[in-house]
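Participant: If you scroll down you'll find the structure; I have some questions about it.
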Amino acid sequence: MTLAVSTVDLARIQFATTSLYHFLFVPLTLGLAPLVATMQTIWYRGGDEAWLRLARFFGTLMLINFAIGVATGLVQEFQFGMNWSVYSKYVGDVFGAPLAMEGLAAFMLESTFLGLWIFGWDRLSKRVHLACAWLFALGSWLSAYFIIVANSWMQRPVGSKVTDGKAELTNVWELLTNRFAIWAYIHVILVGITTAAAVIFGVACWHLLRGRNQELFRHAAKLALIVGVPISAVNLGVGSHLGVVITDYQPMKIAATEAQWNNCQPCAFSLFQIGGFTVDDETPTFSIQIPHLLSLLATDSWNGEVQGLNELQSDEEGQYGSGDYVPPVRTTYWSMRIMAYAGSLVFLVLAVCAFFYRRRTLETKRWLLWAGVLTIPLPYVAALAGWVLSEVGRQPWIVWGLLKTADANSPSVSTTTIVFSLGVFAALYGILAIVDFVLMRRYARLDPPEVGGEGDEVSMPAVSY
Amino acid sequence: MDLQLLWFCLIAILWAGYFVLEGFDFGVGMLLPFLPEGEEDRRTMLRTIGPVWDGNEVWLVVAAGATFAAFPSWYATMFSGFYIALLLVLFFLIVRVVSFEWRSKSETPGWRALWTWANTIGSAGAALVWGIALSCLVYGVPINSDGDYAGSFWDLFNPYTVFAGVAVVALFAFHGATFLTLRTLGELHGRAENAARRLALPAVVLAAIFLIWTVVVAMDRNDKDLFPPVLPAALGIVALGLALVFLFQGSNGRAFAMTGLATISAVATLFVSLYPSVMVSSTGFGNSLTVEDASSSHYALAVMSVVALIFVPVVLLYQGWTYYVFRRRVGGQPELS
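Protein chains in written order, with my numbering: chain A, 1 to 465; chain B, 1 to 337.
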């Protein structure tokens, strides 16, 4: 019997599922860390205990979330070597550096100061304890930066040259200031803050609906809206500008994302289409289009030219030799739209809620509060779709223009081994997901504990052993 | 000193840091079902490592990241070759992380017992697999002329490596027990001392044999002389002996320092026995990966050296401060605030 899937496909499935799973936990940490620190700062400055209670309440959620992030992050780091040994040998000189920096400069900071924050309430002075919250946030942001630097080098390899069939670091500054990385990083950070704002707002709405702890969660809702509305709006702009950056370095990715088979000028943006996703079927049977919008999104100009897949394919064949250089069109097309639509919807819900909040009628509109609760999953959907777009859109390359995914996996690892490990991860991650969801839900629904209890265990129930 | 050697040493230091710190976390986990009388004591035991175990685990992340950056071929061959072993490590570590979080989330005795054992199995399992995997680097595994792993999961097992795994488990259990003598009060403290004394002799004997055996394997299979591997091994044996003496004299602090030093010596013995190889090939010694051909370019190593020289001291400083902040013993009697 021959297996229909190759080891490369299996390794890709494993990487995709474990990475997406890992990224379920990352944005919330990136956003909650500074927001919880902000809550604690407001309490520190003004002495209003409501903010202390909120900091501990959302800190508990942050903690449950962070632990799973740590556990699944380790899998990410090991997996490069386990499944992608050719890739690891090829890129280690360049790609390994930001990864090691992440561990040493960021992740150490993150975990150590989280421990201090959780258990340090009655052992540290208020000021030092607050500093721990901010250092944890700093650690999580630095951590994301180094990971994005590593990923962006795969998208746009800079600061390196290829010698003896291996990439070699030549300029670390270029690596760290890769234009692709800067914009992708801003995007990821804003996604994190938007996610946290949506989660805080959704949880607050739920409590307001139940009529419990009204005063407290009005504070939380206000903070979430003040942060969430502008940040989610700016993020739509940043995401769109990232599209322009991608057009400069990965025109093929943009063409695939837009299912644009031939050069166009000016280019219309397709909002929705049926068909038109394969080379045998280039013209959609049905589509809704907005004139000029693609030119604007991809090139920042009203009449900008966007290259088509067919032209780019023949260009790249000229440059890299024969082969198929078109990424999966249907997947990139839809992942981009799911991302953009979900992201816009988050902004819309938050903006409408902010409008009624200012008119002091938010709490009387139960449907709106429910909309707030139901918005919680949307930033996650957008973030995962965004990664699918970014990584699937890079295919067939694992490192753009240098190394193909199909040539990068471990020669010594058999299909049986990967099938086995896929099974282990599926079972493990499945259980993790269920229990994590149950725990998050339970602690999100609890009444925030009163301040002034004895010791750690009373003030932060989720962290007692 | 040339940069390749510097990075080989740094990676050894990172592993040593990981094992000294996570070693007692693992030890506490292994003793969790056996040491305490009741639920209250069990929670106290977990609280002794509560604030630090997560930071300790990051040493592993950094060790793996540093190997990737400084010796890509070593990282690639080791991680793809030891696939199932590392999958097991990940499994054990994830189960363990989760046990810390979830154990207290329900009052049911069944639930608590489940996660107590998950923590114990996760701790012992990870220690066992690490012992086997790292000793395999010196003992040798099948590597072909392309520098790729050419064996199966079962090639990791032989009397020496399995013994190494068991010795590491015993050493960590002992290390965890001496740690607990410093962090607990009252009856639990007495139990910790008892456990340390009962574990002492078997752990010391197993670990000492492992150190000697490693030097023999290095001479036999990695073309090393008796000197220098014998130096860290001898230091380790002295530390183990002193741990025994201090423990029975009642100087628990010194005993813990010695189990820590023994752990460092064990890592040092492995790495000194390894150099200049990083992974010995059992199928033709010429196929062994060496520091020379597995390493990154000079520029990449230089950049990483600057980063390490800045951040390693800073990390040591703030992690050390964490232990200072949480120096007070837990449990036994109500704490004064």
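Idealized CB from N, CA, C, for every residue including glycine.
Given that a residue counts as buried once 16 or more other Cβ atoms are within 10 Å of its Cβ, and exposed if not, what is W367(A)?
Facilitator: Looking up residue 367(A) in the first sequence gives position 367. By the 10 Å Cβ count, W367(A) comes out exposed.
Participant: Along chain A, which residues have their Cβ under 9 Å away from the Cβ of Q4(B)?
Facilitator: Here residue 4(B) corresponds to residue number 4 of the second sequence, with the count starting at 1. Chain A residues near Q4(B): none, gap ~13 Å exceeds 9 Å.
Participant: Can you tell me whether K126(A) is buried or exposed, with buried defined as 16 or more other CB within 10 angstroms of its CB?
Facilitator: On the first sequence, position 126 is the one that residue 126(A) refers to. By the neighbour-count rule (16 or more Cβ atoms within 10 Å), K126(A) is not buried but exposed.
Participant: Taking buried to mean at least 16 other C-beta atoms within 10 Å of its own C-beta, is E335(B) buried or exposed?
Facilitator: Residue 335(B) sits at position 335 when you count from the first residue of the second sequence. Bear in mind that a pLDDT of 42 at E335(B), under 50, signals an unreliable position, so the number given afterwards is only what the model happens to contain. Under this definition E335(B) is an exposed residue.
Participant: For Q4(B), is the classification buried or exposed, using 16 other Cβ atoms within 10 angstroms of its Cβ as the cut-off for buried?
Facilitator: Translated into the one-based positions of the second sequence, residue 4(B) becomes position 4. Buried, by the Cβ-count rule.
Participant: Which residue marks the beginning of the beta strand (DSSP E) containing W43(A), and which one marks its end?
Facilitator: As a working mapping, residue 43(A) is identified with position 43 in the first sequence. Per DSSP, W43(A) belongs to no beta strand (DSSP E); it is in the alpha helix (DSSP H), V26 to G46.
Participant: What residues in its chain sit with their C-beta under 8 Å from that of L297(A), if we drop five residues either side in the sequence?
Facilitator: Along the first sequence, read from residue 1 onward, the residue named residue 297(A) stands at position 297. Cβ neighbours of L297(A) beyond the five flanking positions: S240, G243, V244 and F269.
Participant: Go to E168(A), then tell me how far its beta strand (DSSP E) extends in each direction, as first and last residue.
Facilitator: Taking the first sequence and counting its residues from 1, the one referred to as residue 168(A) is at position 168. Residues K166 to L169.
Participant: Measure from the alpha carbon of V141(B) to the alpha carbon of each residue in A127(B), L128(B), G131(B) and N158(B), then state which is nearest.
Facilitator: Numbered from 1 along the second sequence, position 141 holds the residue referred to as residue 141(B). Out of A127(B), L128(B), G131(B) and N158(B), N158(B) has the C-alpha closest to the C-alpha of V141(B).
Participant: Looking only at its chain, what residues have a beta carbon closer than 7 Å to the beta carbon of V203(A), apart from the 5 residues adjacent to it on each side?
Facilitator: By one-based count along the first sequence, residue 203(A) stands at place 203. Excluding sequence neighbours, V203(A) sits near A444.
Participant: Do we get a CB-CB distance below 8 Å when we pair T170(A) with the residues of chain B?
Facilitator: By one-based count along the first sequence, residue 170(A) stands at place 170. For T170(A), the answer is yes, since a Cβ of chain B falls inside 8 Å of its Cβ.
Participant: Cβ of T108(B) less than 8 Å from any chain A Cβ?
Facilitator: As a position in the second sequence, residue 108(B) is number 108, starting the count at 1. Not one chain A Cβ lies under 8 Å of T108(B).
Participant: Judging by CA-CA distance, which residue of A302(B), G27(B) and R197(B) is the nearest neighbour of S251(B)?
Facilitator: Taking the first residue of the second sequence as position 1, residue 251(B) is located at position 251. S251(B) has its Cα closest to that of R197(B), out of A302(B), G27(B) and R197(B).
Participant: Among K253(A), Y357(A) and K404(A), which residue has its Cα nearest to the Cα of P328(A)?
Facilitator: Residue mapping note: residue 328(A) aligns to position 328 of the first sequence, counting from 1. Of the listed residues, the one whose Cα sits closest to P328(A) is K253(A).
Participant: Since Y357(A) contacts A221(A) with CB under 8 Å, what's their CB separation in whole angstroms?
Facilitator: Start at 1 with the first residue of the first sequence, and residue 357(A) comes out as number 357. Start at 1 with the first residue of the first sequence, and residue 221(A) comes out as number 221. Between A221(A) and Y357(A) the Cβ distance is about 7 Å, and since that is below 8 Å, they are a contact.
Participant: Touch check for the region 130-137 of chain A and the region 362-376 of chain A: three-plus C-beta pairs under 8 Å?
Facilitator: no
Participant: In this structure, how does DSSP classify F157(B) when only helix, strand and coil are distinguished?
Facilitator: As a working note, residue 157(B) is residue 157 in the second sequence. In the structure shown, F157(B) sits in coil (DSSP, three-state: anything other than H, G, I, E or B).
Participant: Just verifying my parser: in three-state terms, what is the DSSP assignment at V162(A)?
Facilitator: Within the first sequence, residue 162(A) is the residue found at index 162, counting from 1. V162(A) falls in the strand class under three-state DSSP.
Participant: Beta-carbon within less than 8 Å of W173(A)'s beta-carbon, same chain only, minus the 5 sequence neighbours each way: which residues are those?
Facilitator: Residue mapping note: residue 173(A) aligns to position 173 of the first sequence, counting from 1. Excluding residues within five positions, the ones whose Cβ falls inside 8 Å are G159.
Participant: What's the gap between the Cα of V169(B) and the Cα of D54(B)?
Facilitator: The residue you call residue 169(B) lines up with position 169 of the second sequence. The residue you call residue 54(B) lines up with position 54 of the second sequence. Cα to Cα, V169(B) sits roughly 20 Å from D54(B).
Participant: Strictly below 7 Å CB to CB, what residues from chain A border I84(B)?
Facilitator: Here residue 84(B) is taken as the residue at index 84 of the second sequence, counted from 1. The answer, in chain order, is T417.
Participant: Roughly how many angstroms separate the alpha carbons of W213(B) and S265(B), rounded to a whole number?
Facilitator: Sequence index remark: in the second sequence, residue 213(B) carries index 213 (1-based). Sequence index remark: in the second sequence, residue 265(B) carries index 265 (1-based). Their backbone Cα atoms lie some 14 Å apart in a straight line.
Participant: What does V303(B) reach in chain A if we use C-beta pairs closer than 8 Å?
Facilitator: Here the question's residue 303(B) lines up with position 303 in the second sequence. Under the 8 Å cutoff, chain A gives A97, L169 and V172.
Participant: Just verifying my parser: in three-state terms, what is the DSSP assignment at S412(A)?
Facilitator: Residue mapping note: residue 412(A) aligns to position 412 of the first sequence, counting from 1. S412(A): coil per DSSP, three-state reduction.
Participant: Measuring CB atoms only, is the region 57-71 of chain A touching the region 252-266 of chain A, in the sense that at least three cross pairs come out at less than 8 Å?
Facilitator: The answer is no - the region 252-266 of chain A does not touch the region 57-71 of chain A, with fewer than three Cβ pairs under 8 Å.
Participant: Between Y324(B) and chain A, is any beta-carbon pair separated by less than 8 Å?
Facilitator: Translated into positions along the second sequence, residue 324(B) becomes position 324. No, no contact with chain A.
Participant: Expressed to the nearest angstrom, what Euclidean distance is found between the alpha-carbon atoms of L114(A) and Y325(A)?
Facilitator: Residue numbering aside, residue 114(A) sits at position 114 when the first sequence is read from its first letter. Residue numbering aside, residue 325(A) sits at position 325 when the first sequence is read from its first letter. Answer to the nearest angstrom: the Cα atoms are 45 Å apart.
Participant: Helix, strand or coil for E454(A)? Go by DSSP, reduced to three states.
Facilitator: Reading the first sequence from its first residue, position 454 is the one you call residue 454(A). For E454(A), the pLDDT reaches just 45, beneath the cut-off of 50, and the residue's location in the model is therefore unreliable, leaving the point undetermined.
Participant: Pull up the DSSP beta-bridge partners for K404(A), would you.
Facilitator: Within the first sequence, residue 404(A) is the residue found at index 404, counting from 1. Answer is W397(A).
Participant: For Q261(B) and G17(B), what's the separation of their Cα atoms in angstroms?
Facilitator: For the purposes of this step, residue 261(B) is taken as the residue at position 261 of the second sequence. For the purposes of this step, residue 17(B) is taken as the residue at position 17 of the second sequence. Here residue 261(B) turns out to be Leu, not Gln, going by the sequence shown. L261(B) and G17(B): Cα-Cα distance of roughly 11 Å.
Participant: Flag A16(B) as yes if its beta-carbon sits less than 8 Å from any beta-carbon of chain A, otherwise no.
Facilitator: By one-based count along the second sequence, residue 16(B) stands at place 16. Cβ-Cβ to chain A under 8 Å: no for A16(B).
Participant: Just the C-alpha distance for A97(A) and A106(A), rounded to the nearest angstrom, thanks.
Facilitator: Numbered from its first residue, the first sequence carries residue 97(A) at position 97. Numbered from its first residue, the first sequence carries residue 106(A) at position 106. Approximately 13 Å, taken between the alpha carbons.
Participant: On the criterion of 16 or more Cβ atoms from any shown chain inside 10 Å, does A382(A) qualify as buried, or is it exposed?
Facilitator: Sequence index remark: in the first sequence, residue 382(A) carries index 382 (1-based). Counting Cβ neighbours within 10 Å, A382(A) comes out buried, since at least 16 surround it.
Participant: Compare the Cα-Cα distances from N552(A) to each of H292(A), Q260(A), Q319(A) and R330(A) and report the closest residue.
Facilitator: Outside the displayed range of chain A (1 to 465) lies residue 552(A), so it cannot be described from this structure.
Participant: What are the boundary residues of the alpha helix (DSSP H) that Q319(B) is part of?
Facilitator: Counted from its first residue, the second sequence places residue 319(B) at position 319. It spans H298 to V325 - the alpha helix (DSSP H) in which Q319(B) sits, taken as one unbroken run.
Participant: Any C-beta of chain A within less than 7 Å: which residues of the region 276-296 of chain B qualify?
Facilitator: S296
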